[in-house]
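Worksheet for the structure shown next.
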Amino acid sequence: MSHNAFGYAPYDYYTVYVGSGQVLWYNISLTPNPMDAWINGTVSDASTGAPIAGATVIAQVDGTILPSAVANATGFYSLSVPTGSVELSANALGYAPTLTSTYLRSAGEYILNIGLTPLAHGVRGYVRDGVTGAGLSGILVTVDPLFGTGYF
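Heads up, the sequence shown is in my numbering, so the first residue is 30 and it goes up one at a time.
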């Protein structure tokens with residue numbers, strides 16, 4: 030048997046023998062993995078090097094999304110994560126999102142600066158109620174990158 034859960038050290042293999050018709054109750058205790066590593070860095074414009082205030086940086090570990098960080102006025106961000114394989118994504122208005130992976134071997138501080146590429150073109154327009162024609166606020170509009178023709 031082996032047991033594991035996100036945020037905990039795995040409890041590795043051991044053998045259990047159960048006879049036909051027997052019920053075995055077994056309690057296990059998993060040891061929490063501490064959020065003992067820090068990823069710090071700066072999010073900047075890949076073309077100019079200018080910091081991107083308000084950029085969002087998100088860490089994902091083993092399929093679980095951790096709380097995000099927002100870059101400050103100097104583009105600085107800081108995330109507390111467990112050691113292991115980490116995927117980082119960063120995005121900001123007017124820039125193409127980026128994804129990078131890293132492996133954190135041990136506790137401590139890691140520096141990962143992120144450059145975002147400015148978008149050459151943007152989408153502009155209005156979102157209106159289909160019946161009344163009134164403008165709608167707070168609507169998120171996205172363009173799916175899977176449609177290479179640009180038509181949507």
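C-beta atoms are modelled at their ideal positions from N, C-alpha and C, and glycine is treated no differently.
Owing to the predicted nature of the structure, the values given are computational and were not obtained by experimental measurement.
Euclidean distance between Cα positions of Gly-92 and Ser-114: Mapped onto the sequence shown, residue 92 falls at position 63. Mapped onto the sequence shown, residue 114 falls at position 85. If I take the Cα positions, the gap works out to 10 angstroms.
Neighbourhood of Thr-146 by C-beta, 6 angstroms cutoff - its chain only, sequence neighbours within 5 removed: Stepping through the sequence shown from its first residue, residue 146 is reached at position 117. Cβ within range, chain order: Ala-75 and Ala-125.
What does the Cβ neighbour count give for Ile-57, buried or exposed, with the cut at 16 atoms within 10 Å? For the purposes of this step, residue 57 is identified with residue 28 of the sequence shown, where counting begins at 1. Exposed, by the Cβ-count rule.
Closest to Ala-82 by CA distance: which of Asn-101, Ala-119 and Thr-127 is it? The residue given as residue 82 occupies position 53 in the sequence shown. Considering only alpha carbons, the answer is Asn-101.
For Pro-147, does the three-state DSSP call read helix, strand or coil? For this step, residue 147 is matched to residue 118 along the sequence shown. If DSSP states are grouped into helix, strand and coil, Pro-147 belongs with the strands.
Please state whether DSSP places Asp-74 in a helix, a strand or coil. Stepping through the sequence shown from its first residue, residue 74 is reached at position 45. If DSSP states are grouped into helix, strand and coil, Asp-74 belongs with the strands.
Could you check the C-alpha separation between Ser-73 and Val-99 for me, to the nearest Å? One-based indexing of the sequence shown puts residue 73 at position 44. One-based indexing of the sequence shown puts residue 99 at position 70. Going from the Cα of Ser-73 to the Cα of Val-99 covers about 13 angstroms.
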